[in-house]
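Residue numbers (our numbering): 2 to 240.
In this text, a Cβ means the ideal position worked out from N, Cα and C, and glycines have one as well.
Encoded as structure tokens, the structure appears first; notes follow it.
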């Protein structure tokens, strides 16, 4: 390894240590760009540091470190190549990915359950979300495209990737008038109404779950904690 390369790795390692643990991987992906080998070298140093430093004194911290390391090395899920992390939440991690098996080219969002003490409950919620998305066909609800199980036994959903911004940010950045904002609001309300007609209550309506694309199309996202009013319609006995 040449001195310049080693210096770059060491500098990234030092900067990564200063990042909050839960944000470390996302920061590292951004900092390394397309240099996957550089990212792997830094991740290896971080993992060795955590094992030897004695800083991870509780199970939660160890679990968080394991998640960060796992996310850093994950390169593909099924036929989809992982390109970036879009976000993390109670249900797991959402990745930006692209299909690479030659069938067709499309950028997608993949939601993957990560390890959790409540993994059984998460899997139940995950299954409900999959069934809800499969049933709710609407132009203003992000569509379910695919799904499966990873080699490690973790379920995942492949969803329409919405290239946009939360509705409040979109309105602010584009300086929309009151009338234009109300049009977007009305469109979002129609998507919610469609879910209600199918006896599904979203239960997490907020700006970050209502995106507007670069073309001005409203998309309702994330039915992870939705309530099904008639579980029998979705093959469930309860929610």
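Does the distance from the C-beta atom of residue i to that of residue j stay below 7 angstroms?
{"i": "residue 78", "j": "residue 114", "result": "no"}
{"i": "residue 135", "j": "residue 146", "result": "no"}
{"i": "residue 43", "j": "residue 14", "result": "yes"}
{"i": "residue 221", "j": "residue 229", "result": "no"}
{"i": "residue 1", "j": "residue 165", "result": "The structure shown does not extend to residue 1, since the chain is modelled only from 2 through 240, so no value can be given for it."}
{"i": "residue 109", "j": "residue 162", "result": "yes"}
From the DSSP output, in three-state form, read off residue i for me.
{"i": "residue 118", "result": "In this prediction, residue 118 scores a pLDDT of 46, lower than 50, which makes its location untrustworthy; no coordinate-derived value is stated."}
{"i": "residue 58", "result": "The predicted position of residue 58 is uncertain, since its pLDDT is 46 and thus under 50; a value taken from the coordinates is nonetheless stated next. It is coil, neither helix nor strand."}
{"i": "residue 105", "result": "coil"}
{"i": "residue 140", "result": "coil"}
{"i": "residue 4", "result": "helix"}
{"i": "residue 212", "result": "strand"}
{"i": "residue 96", "result": "strand"}
{"i": "residue 162", "result": "coil"}
{"i": "residue 173", "result": "helix"}
{"i": "residue 43", "result": "helix"}
{"i": "residue 64", "result": "In this prediction, residue 64 scores a pLDDT of 49, lower than 50, which makes its location untrustworthy; no coordinate-derived value is stated."}
{"i": "residue 132", "result": "helix"}
{"i": "residue 25", "result": "helix"}
Looking only at C-alpha atoms, which of the options sits nearest to residue i?
{"i": "residue 232", "options": "138, 176, 201 and 88", "result": "201"}
{"i": "residue 155", "options": "128, 190 and 7", "result": "128"}
{"i": "residue 33", "options": "21, 22, 48 and 11", "result": "11"}
{"i": "residue 209", "options": "30, 196, 40 and 87", "result": "87"}
{"i": "residue 37", "options": "16, 75 and 21", "result": "75"}
{"i": "residue 170", "options": "193, 207 and 141", "result": "207"}
{"i": "residue 199", "options": "137, 175 and 165", "result": "137"}
Which whole-angstrom value is the C-beta distance of residue i and residue j, which I expect to be below 8 angstroms?
{"i": "residue 227", "j": "residue 99", "result": "At roughly 28 angstroms, the Cβ-Cβ gap does not stay under 8 angstroms, so residue 227 and residue 99 are not in contact."}
{"i": "residue 89", "j": "residue 225", "result": "That belief does not hold up - the Cβ atoms of residue 89 and residue 225 are roughly 12 angstroms apart, past 8 angstroms."}
{"i": "residue 47", "j": "residue 17", "result": "6 angstroms"}
Can at least three beta-carbon pairs, one atom from the stretch 145-165 and one from the stretch 184-193, be found at a separation below 8 angstroms? no
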